[in-house]
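Chemist:
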Amino acid sequence: MSEIEFSGLELPFSKPFFLGIGGSGMSSLAHILIDLGMPVAGYDGKKSSTTAELEKKGAKIYGRHDEIPASFDAAIYSSAVKIGAHPVANIFEKRNIPFYHRSRVLHDCFSHRIGIAVAGSHGKTTTAAMTSFLLDAVGMDPSVMVGGEVAFLGGKGGRFGSGEFAVFESDESDGTFLNHDAPIRILTNIDDDHLDYFKTRENLLAAFGEFVRKGSRRVILNLDDPGIRECLHSVDTRERIFGFTEILPDGWSKSMQSAASDSSVPYKLESGTLTFLYRAEEISFRSKFPGAHYLRNSLAAVMAGIEAGIPAKRGAEVVSGYSGVKRRLEFMGSKSGVDVYDDYGHHPTEVRAVLASMREMSATGGKTIVLFQPHRYTRTENLYKEFAESLDTGDLVYLLPIYSAGEDPISGVGSELIAKSMKKKVQILSEDVQAGCKELSLCLEKGDKLLTLGAGNVRDWGLQFLSYSKADSGISPV
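Take 1 as the starting number for the sequence shown in full-length UniProt numbering and just add one per residue.
Right under this line is the structure:
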């Protein structure tokens with residue numbers, strides 16, 4: 001197939017069709033192709049604000065298999081689509097239309113930019129969005145691809161900019177994060193996740209080790225993370241590493257001796273403020289969002305900005321104004337004095353971090369009621385004890401049935417595994433959203449917070465709660 005040029009790029013197709021165009025990563029990539037001037041179409045079985053935004057930009061979206069015409073020359077898919085088992089994919093197979101994984105298309109789109117790839121078990125989306133926000137705020141107009149709805153992009157997760165840098169979230173879940181050749185890389189942390197793909201922790205660490213080695217210009221690392229430290233055992237050269245490490249306040253003065261280093265940045269955390277030393281300059285900033293993990297992600301973004309030519313102090317000033325990503329400790333609204341938050345956290349480490357942030361926000365009073373929806377049978381089977389330990393740090397916890405994310409059920413694996421391993425008393429709700437919200441309302445009082453937590457559709461419970469009338473909710477009126 002001949003290559004077609006769009007906005008100076010040569011791509012091997014001219015009329016792409018997205019399988020599952022409403023997904024977070026897929027919709028972001030669709031926005032990028034639209035920005036390049038390419039006609040975009042796709043299938044999604046569910047209408048959403050994401051698909052509506054794409055349609056506003058001219059995308060044609062089909063909701064039925066039999067509506068799809070034969071005019072497309074490429075089928076773009078993610079690892080969530082099982083070729084051979086997906087009904088829409090079968091249509092394109094019968095038509096002999098070539099398939100392109102989204103990672104390959106992203107690589108082709110950003111191949112003429114200086115790539116900044118963000119990887120890690122947790123915090124990829126937030127850190128990629130923060131880095132993009134920083135570059136955009138100083139006028140660098142970066143190309144962006146993140147798996148979330150970013151406030152400064154008007155609720156989109158993708159854009160093709162005119163600047164020399166391209167920031168993108170690099171997903172390890174299917175191994176495709178090793179297909180990119182970005183010279184600048186950020187690695188937030190490494191935890192035991194996606195072992196359904198990697199099979200063993202050794203394979204997981206080896207893959208991240210390769211990700212670090214492939215950074216040809218700079219690799220920004222959280223040097224305090226145990227997984228990253230273990231991963232570095234397989235990395236034979238450290239000359240491109242740009243790390244950050246925490247110094248306890250009582251040892252801060254001694255850290256001045258290493259402040260001139262270009263390979264390691266010391267920092268400290270005190271009362272919601274992060275202070276770091278770079279080339280003997282002491283710089284402090286805060287975040288709009290509670291939690292030490294947000295501040296560490298912000299520091300990684302500032303360090304990426306340094307590599308892109310942004311002075312450290314300026315980067316810190318800008319990143320403190322970062323306005324967030326949908327489903328990352330997102331405030332959704334209030335009902336009768338109860339604040340409702342939503343977060344995408346679906347791994348025990350993420351759950352623990354989010355609950356720590358909620359405790360900071362609740363320090364002045366009120367309890368946090370957590371509604372957690374496990375994501376995938378395999379993850380629950382491997383980590384149910386760790387989920388129980390993390391959820392036990394919450395005030396009051398409810399569970400939903402497992403969100404399968406396309407996986408087949410595993411005998412004996414359900415939310416009950418987590419519930420039985422918890423020290424706190426926990427209740428499992430049904431999949432009936434309205435009935436579940438009525439149950440939650442019985443324990444909520446003015447001043448409390450409701451947190452919906454998980455990577456599935458648990459957000460729907462929070463939205464339903466907010467739509468209740470005071471009489472229906474059972475909550476005492478303000």
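Built from N, CA and C at the ideal position, the CB exists for glycine as well.
Which two residues bound the contiguous beta strand (DSSP E) that contains alanine 119?
Modeler: Taking the sequence shown and counting its residues from 1, the one referred to as residue 119 is at position 119. Residues 114-119.
Chemist: For the putative contact between phenylalanine 72 and alanine 117, defined by C-beta atoms under 8 Å, what is the C-beta separation to the nearest angstrom?
Modeler: One-based indexing of the sequence shown puts residue 72 at position 72. One-based indexing of the sequence shown puts residue 117 at position 117. Going by Cβ atoms, the distance from phenylalanine 72 to alanine 117 rounds to 29 Å, so no, they are not a contact pair.
Chemist: In chain order, what residues of the same chain have a beta carbon less than 7 Å from the beta carbon of glycine 447, not counting five sequence neighbours either side?
Modeler: Residue 447 sits at position 447 when you count from the first residue of the sequence shown. Excluding sequence neighbours, glycine 447 sits near Gly337, Gly365 and Gly366.
Chemist: According to DSSP, is leucine 391 part of a helix, a strand, or is it coil?
Modeler: Here the question's residue 391 lines up with position 391 in the sequence shown. DSSP places leucine 391 in helix when its eight states are reduced to three.
Chemist: For the region 11-21 against the region 136-144, are there 3 or more C-beta pairs whose distance is under 8 Å?
Modeler: Because the criterion of three Cβ pairs below 8 Å is not met, the region 11-21 and the region 136-144 do not touch.
Chemist: By Cβ distance, which residues of its chain are closer than 8 Å to lysine 288, with the 5 residues on each side in sequence left out?
Modeler: The residue given as residue 288 occupies position 288 in the sequence shown. Result list for lysine 288: Ser320, Gly321, Tyr322, Ser323 and Gly324, in chain order.
Chemist: From the DSSP output, read off the bridge partner residues of isoleucine 32.
Modeler: As a working note, residue 32 is residue 32 in the sequence shown. Answer is none; isoleucine 32 lacks a bridge partner.
Chemist: Taking only runs that begin and end inside the region 173-247, name each unbroken beta strand (DSSP E) of 3 or more residues, in chain order.
Modeler: List check, beta strand (DSSP E) in window: 184-187, 218-222 and 241-246.
Chemist: Given this structure, state the Cα-to-Cα distance separating leucine 444 from glycine 161, to the nearest angstrom.
Modeler: By 1-based counting over the sequence shown, the position of residue 444 is 444. By 1-based counting over the sequence shown, the position of residue 161 is 161. Near 45 Å, if we compare the C-alpha coordinates of glycine 161 and leucine 444.
Chemist: According to DSSP, which residues form a beta bridge with proline 266?
Modeler: One-based indexing of the sequence shown puts residue 266 at position 266. Per DSSP, Thr245.
Chemist: DSSP three-state label for glutamate 407, please.
Modeler: Locating residue 407 in the sequence shown gives position 407, where the first residue counts as 1. If DSSP states are grouped into helix, strand and coil, glutamate 407 belongs with coil.
Chemist: So, are the CB atoms of aspartate 108 and proline 12 less than 9 Å apart?
Modeler: Within the sequence shown, the letter at position 108 stands for residue 108. Within the sequence shown, the letter at position 12 stands for residue 12. Cβ atoms of aspartate 108 and proline 12: closer than 9 Å.
Chemist: From Ala435, Leu453, Gly456 and Ala455, pick the residue whose C-alpha is nearest to that of phenylalanine 465; which is it?
Modeler: As a working mapping, residue 465 is identified with position 465 in the sequence shown. Phenylalanine 465 has its Cα closest to that of Ala435, out of Ala435, Leu453, Gly456 and Ala455.
Chemist: Between leucine 429 and chain C, is the shortest Cβ-Cβ distance under 9 Å, so that the two count as touching?
Modeler: Of the protein chains in the structure, only one exists, and it is not chain C.
Chemist: Go ahead and pull the three-state DSSP assignment for lysine 60.
Modeler: Here residue 60 refers to the residue found at position 60 when the sequence shown is read from its first residue. If DSSP states are grouped into helix, strand and coil, lysine 60 belongs with the strands.
Chemist: When every heavy atom of the ligand ADP is checked, does at least one fall within less than 8 Å of the C-beta of aspartate 44?
Modeler: Judged by which ligands are present, the structure shown has none, so any question about the ligand ADP falls away.
Chemist: Kindly indicate the opening and closing residues of the beta strand (DSSP E) around phenylalanine 110.
Modeler: The residue given as residue 110 occupies position 110 in the sequence shown. Per DSSP, phenylalanine 110 belongs to no beta strand (DSSP E); it is in the alpha helix (DSSP H), 102-110.
Chemist: Tell me, to the nearest whole angstrom, how far the beta carbon of serine 415 is from that of proline 348; I am working on the premise that it is less than 8 Å.
Modeler: For the purposes of this step, residue 415 is identified with residue 415 of the sequence shown, where counting begins at 1. For the purposes of this step, residue 348 is identified with residue 348 of the sequence shown, where counting begins at 1. No, serine 415 and proline 348 are not in contact; Cβ-Cβ is about 14 Å, not under 8 Å.
Chemist: Within 8 Å, do at least three Cβ pairs link the region 192-212 to the region 147-155?
Modeler: At 8 Å Cβ cutoff, the stretches do not touch.
Chemist: Give the single residue among Glu164, Gly155 and Leu204 whose Cα lies nearest to the Cα of phenylalanine 177.
Modeler: If you number the sequence shown from 1, residue 177 lands on position 177. Taking only the C-alpha atoms, the option nearest phenylalanine 177 is Leu204.
Chemist: Ordered along the chain, which non-local residues of its own chain (more than five positions away) have a Cβ less than 7 Å from that of alanine 260?
Modeler: Looking up residue 260 in the sequence shown gives position 260. Because alanine 260 carries a pLDDT of 49, less than 50, the predicted location of this residue cannot be relied on, and no value is offered for it.
Chemist: DSSP state of arginine 314, grouped into three classes?
Modeler: Walking along the sequence shown from the start, residue 314 turns up at place 314. DSSP places arginine 314 in helix when its eight states are reduced to three.
Chemist: Do you know offhand how far tyrosine 384's Cα is from isoleucine 418's?
Modeler: Working through the sequence shown from its first residue, we reach residue 384 at position 384. Working through the sequence shown from its first residue, we reach residue 418 at position 418. If you take the alpha carbons of tyrosine 384 and isoleucine 418, they lie about 5 Å apart.
Chemist: Report the rounded CA-to-CA distance for glutamate 307 versus asparagine 222, giving the unit in angstroms.
Modeler: What you label residue 307 is simply residue 307 of the sequence shown in a count that begins at 1. What you label residue 222 is simply residue 222 of the sequence shown in a count that begins at 1. About 16 Å.
Chemist: Secondary structure at serine 421, three-state DSSP: helix, strand or coil?
Modeler: Within the sequence shown, residue 421 is the residue found at index 421, counting from 1. Helix, per DSSP.
Chemist: To which residues of the same chain is alanine 80 closer than 8 Å at the C-beta, ignoring the five residues directly before and after it?
Modeler: Taking the first residue of the sequence shown as position 1, residue 80 is located at position 80. Gly20, Gly23, Ala405 and Gly406.
Chemist: Express the C-alpha separation of asparagine 179 and lysine 82 in angstroms, rounding to a whole number.
Modeler: For the purposes of this step, residue 82 is taken as the residue at position 82 of the sequence shown. For the purposes of this step, residue 179 is taken as the residue at position 179 of the sequence shown. Using only the alpha carbons, I get a separation of about 20 Å.
Chemist: In or out: proline 69 buried (at least 16 other Cβ within 10 Å) or exposed?
Modeler: The count along the sequence shown starts at 1 and reaches residue 69 at position 69. Label assigned to proline 69: exposed.
Chemist: Pull the bridge partners of lysine 449 from the DSSP assignment, please.
Modeler: Taking the sequence shown and counting its residues from 1, the one referred to as residue 449 is at position 449. DSSP, once it has assigned bridges, lists Asp339 and Thr368 as partnering lysine 449.
Chemist: Tell whether a beta-carbon distance below 9 Å holds between phenylalanine 133 and valine 318.
Modeler: Translated into the one-based positions of the sequence shown, residue 133 becomes position 133. Translated into the one-based positions of the sequence shown, residue 318 becomes position 318. Contact flag set, yes.
Chemist: Can you have a look at phenylalanine 331 and say buried or exposed, based on whether 16 or more other CB atoms are within 10 angstroms of its CB?
Modeler: Working through the sequence shown from its first residue, we reach residue 331 at position 331. Exposed.
Chemist: Taking the alpha-carbon positions, what's the arginine 213 to serine 334 distance?
Modeler: For the purposes of this step, residue 213 is taken as the residue at position 213 of the sequence shown. For the purposes of this step, residue 334 is taken as the residue at position 334 of the sequence shown. Approximately 47 Å, taken between the alpha carbons.
Chemist: Would you mind sorting glycine 454 into buried or exposed? The rule is 16 or more other CB atoms within 10 Å of its CB.
Modeler: Here the question's residue 454 lines up with position 454 in the sequence shown. The residue is buried, with at least 16 neighbouring Cβ atoms inside 10 Å.
Chemist: Would you mind working out which of Cys231, Phe372 and Met130 sits nearest isoleucine 241, comparing C-alpha positions?
Modeler: For this step, residue 241 is matched to residue 241 along the sequence shown. Here the closest residue by C-alpha is Cys231.
Chemist: What is the C-beta distance between methionine 130 and asparagine 382, in whole angstroms, given that I count them as a contact (C-beta under 8 Å)?
Modeler: Residue numbering aside, residue 130 sits at position 130 when the sequence shown is read from its first letter. Residue numbering aside, residue 382 sits at position 382 when the sequence shown is read from its first letter. Going by Cβ atoms, the distance from methionine 130 to asparagine 382 rounds to 30 Å, so no, they are not a contact pair.
Chemist: Helix, strand or coil for tyrosine 398 per DSSP?
Modeler: As a first step, residue 398 is located in the sequence shown; it is residue number 398 there, counting from the start. Strand at tyrosine 398.
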